[in-house]
Amino acid sequence: MADPLIRLRGLTRSYEAGEQRITVLDRVDLDIRAGEMVAIVGTSGSGKSTLMNLIGCLDRPSAGSYLYAGQDVSAMDEAARARLRRAHFGFIFQRYQLLADLDATGNVEIPAIYAGAAPGARRARATALLARLGLGERAHHRPGALSGGQQQRVSVARALMNGGEVILADEPTGALDSRSGAELMALLHELNAQGHTIIIVTHDPEVAAQATRVVEIRDGRILSDSGTPAGGAAGDPGALVKDQAGTRRQAPLAGAETGANAATAAESEAGTFAAGADAPGERDGALVRAGRLREALAMALRALNAHRLRSFLTMLGIIIGIASVVSVVALGQGSQQRVLENIASIGTNTITIRAGTGFGDRRASAIRTLTTADAEALAREDFAASVSPEITASQTASRGRVSTSVSLRGVGPGYFDVGAYKTASGTLFGTAAIDRREQVAVLDASALGTFFPDGSDPVGQTVKIGKVPLRVIGTVTAAGASFGPDTPKIFTPWTTAALRVAGSTTLSSITVRVADDTDMSEAEARIQGLILARHGTQDFFLQNSDTIRETITSTAATLTWLVSAIAVISLFVGGIGVMNIMLVSVTERTKEIGVRVAVGARRSDIVAQFLTEAVMVCLLGGLIGIALAFGIGQGVELLRSDIRMSYSAGAALAAFLSSTLIGITFGYLPARRAARLDPVVALTRE
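Numbering (my numbering), first residue to last: 8 to 693.
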């Protein structure tokens with residue numbers, strides 16, 4: 008006689024309950040041969056379900072040995088036990104344990120997914136099995152649209168998906184009416200006749216009476232074992248059943264081919280699924296890993312689609328955080344570019360000499376040593392392309408009934424050459440006007456709007472500075488940086504401002520445009536030495552436009568990083584939200600996890616599924632956040648033309664990678680928790 012397919016020796020299972028140790032199974036010895044139909048009976052708490060869980064590799068014994076086809080199951084690691092479940096066992100549960108988000112075909116396919124079978128082959132296999140069980144027209148219905156008997160048939164098809172060499176049925180008729188229960192038992196007889204080993208756990212004596220062997224268990228020990236009845240040797244895959252006429256035959260499955268080769272024919276149609284053998288894809292590690300990743304992604308998308316509102320609320324924190332980061336960076340870069348363009352329009356090769364020790368020096372207005380003679384001395388230097396003295400004073404200007412405070416600026420022709428302003432109408436004054444101290448004026452846009460609000464041509468009109476009339480010869484618009492309040496500005500020759508308005512040759516500043524072939528550092532050092540030699544003391548400071556640019560760039564970058572850090576906090580908070588929701592999801596889907604483990608999922612499969620869901624939530628949130636940031640930018644620029652937002656692929660990519668990292672970081676803990684759930688406990692969790 009062949010060796011038993013299943014051999015248990017001294018099998019014991021006990022649990023810690025506080026300070027007590029409860030023994031559920033106590034030194035069980037049992038042999039089950041291939042092809043038997045065994046019923047394990049007993050009252051509630053007798054240990055029969057625990058025995059089934061141990062046989063099906065859902066639980067580990069506390070002591071004793073378990074050999075399956077000569078392999079020591081007790082010594083196997085979790086991955087090997089999962090492989091054994093996938094390849095050799097099929098479970099039929101009392102409550103069907105179908106996944107509500109999948110249709111009948113999808114539920115049947117699950118074991119083959121974890122076995123690494125090709126999508127086309129497993130879909131054909133699942134379709135063929137459902138057709139054999141009379142559910143061909145219901146293959147695309149979800150469990151909620153199926154009757155109890157139909158759901159149980161789907162669970163039978165799932166048990167057969169990878170071959171189902173041993174089918175473990177836990178109270179298979181407990182949730183069915185008498186008719187559906189009878190149909191299911193007939194189906195189990197047919198499967199047994201085709202060579203499947205059937206192990207039924209039941210407390211129903213009528214169900215047990217239909218088995219070829221009954222094992223009664225009480226208080227964790229085998230009380231009786233009926234052995235092999237007459238009418239067919241245990242382990243004979245060709246064991247026959249009687250029809251109503253008493254003829255011994257091998258009955259086919261409902262809706263399938265007749266004859267003893269029905270299972271083989273269906274398996275041939277479905278692909279290369281041999282009963283009791285691993286799926287072909289499982290032998291190729293690379294293909295299996297790629298397939299597992301693809302299936303984890305598909306399952307994640309199905310789970311997110313099934314709970315769309317919850318998924319959106321989960322990713323809302325990520326959306327806000329990513330949109331904030333991208334928008335802030337874009338605003339910072341846009342503002343920085345605008346300022347740098349303004350500075351560039353002035354020229355990066357200008358150096359300005361001002362009185363005092365620096366900006367904010369209150370004594371600067373009392374310093375009178377910066378004079379026109381300094382400007383003339385600088386103009387004679389070879390490094391100076393142009394020199395523009397400047398006298399700035401706050402004066403009252405009037406025209407007709409309009410009188411307002413203006414910023415009077417006495418400048419030279421070089422001031423406009425520097426590029427701060429461009430001509431809008433009329434002309435600008437030149438060296439002749441400087442030499443003759445002409446009483447002429449050039450208005451900026453603000454002054455033009457103040458004194459000529461009706462839009463009339465200002466050229467040739469007169470504006471008074473105090474009691475000094477100035478004839479308007481032109482207007483200018485700002486072409487470069489403009490700092491401070493938008494005060495109306497009136498430009499006049501510096502000689503006119505010095506002698507006719509201010510009554511002094513003291514200058515407010517001198518701007519030097521350095522020749523292109525001169526190093527800025529060298530020019531700055533020479534200006535420093537020249538003015539220091541003329542004044543005899545350090546009562547002035549130099550302002551390099553290049554230094555301004557670097558300062559503004561540094562300040563803008565610092566502010567961008569600061570605000571981005573605040574936005575990153577919202578990303579962190581969003582990540583915590585993802586983790587919390589995923590932990591809730593693990594709790595809600597505990598039974599699903601148990602079902603997946605029972606049909607062959609590895610712990611790594613469970614980790615991959617939940618981790619992929621978390622990453623998908625964050626990735627979708629990141630994409631929506633990036634799109635929202637672009638939308639915000641478009642809206643802001645439409646409403647405020649003076650605000651520029653400059654988006655970069657680098658910032659978007661960084662945000663996208665950040666969302667991925669958040670998904671991995673905050674999704675790992677829930678995924679790990681899901682993978683560590685005890686499958687026996689998970690299956691019984693309500």
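All C-beta atoms in this analysis are idealised placements derived from N, C-alpha and C, irrespective of residue type, glycine included. Everything numeric in this text was worked out from a predicted model, so none of it was measured.
- By the beta-carbon neighbour count (other beta carbons within 10 angstroms, threshold 16), Q157 is buried.
- In this structure, P118 and R165 form a Cβ contact; the two beta carbons are roughly 6 Å apart against a cut-off of 8 Å.
- Taken in chain order, the unbroken stretches of alpha helix (DSSP H) that lie wholly in the stretch 186–220 and span 4 residues or more are 212–216.
- Beta-bridge pairing by DSSP links P476 to K471.
- CA-to-CA, the gap between Y422 and T503 works out to about 15 Å.
- Leaving aside the five residues that flank H148 on each side, the residues in its chain whose CB is nearer than 7 Å to its CB run, in chain order, D110, A111.
- Within the model, the alpha-carbon separation for I650 versus V580 is close to 29 Å.
- For the pair L32 and T57, the Cα-to-Cα distance works out to about 8 Å.
- Out of A305, I62, Y73, V45, the CA that lies nearest to the CA of G234 is found in V45.
- Rounded to the nearest whole angstrom, the CA to CA distance from A656 to T376 is 52 Å.
- Judged by DSSP in its simplified three-state form, M322 adopts helix.
- DSSP places F458 in the uninterrupted alpha helix (DSSP H) bounded by 452–458.
- Remark: fewer than three beta-carbon pairs, one from each stretch, lie closer than 8 Å, so the stretch 535–548 and the stretch 446–455 are not flagged as touching.
- Only residues of its own chain outside the window of five on either side were considered, and among them V475 have a CB closer than 6 Å to the CB of R507, listed in chain order.
- Straight-line spacing of the CA atoms in F547 and V643 works out to 42 Å.
- As the crow flies, the alpha-carbon of L140 is around 12 Å from that of A193.
- Excluding the 5 residues flanking it on each side, F436 has same chain C-beta neighbours closer than 6 Å at V447, P500, in chain order.
- Only residues of its own chain outside the window of five on either side were considered, and among them F663, S666, T667, G670 have a CB closer than 8 Å to the CB of L626, listed in chain order.
- For the 8 Å CB-CB criterion, I206 and N199 do not form a contact.
- About 15 Å separates the CB atoms of V208 and D232; that is not less than 8 Å, and the two are not in contact.
- Three or more Cβ pairs closer than 8 Å define a contact, and the stretch 210–224 meets that threshold against the stretch 37–53.
- The beta carbon of V575 sits closer than 6 Å to none of the beta carbons in its chain outside the five residues before and after it.
- Non-local C-beta neighbours of Q101 in its own chain, meaning closer than 6 Å and more than five positions away in sequence, comprise D177, E178, G181, A182, ordered along the chain.
- Fully enclosed alpha helix (DSSP H) runs of no fewer than 4 residues occupy 55–62 of the stretch 47–91, in order along the chain.
- Under a 10 Å Cβ-count criterion, Y22 is classified as exposed, with fewer than 16 other Cβ atoms of the shown protein chains found around its own Cβ.
- Judged by DSSP secondary structure, A431 falls within the beta strand (DSSP E) whose first and last residues are 428–433.
- Spatial neighbours of L690 in its own chain (CB-CB distance under 6 Å, excluding positions within 5 residues in sequence) are listed in chain order as G601.
- Here V80 has Y73 as same chain residues with Cβ atoms under 6 Å from its own Cβ, once five neighbours each way along the sequence are excluded.
- Residue range 155–167 is occupied by the alpha helix (DSSP H) that includes V161.
- When beta bridges are read from the DSSP output, R228 appears opposite R225.
- As computed with DSSP, L18 is found in a beta bridge with V35.
- It is roughly 22 Å from the alpha-carbon of A605 to the alpha-carbon of L153.
- Under the three-state reduction of DSSP output, E397 falls in the strand class.
- The alpha-carbon of E620 is positioned some 58 Å away from that of S528.
- Of the candidates V470, I358, A138, V214, the residue whose Cα lies closest to the Cα of G407 is V470.
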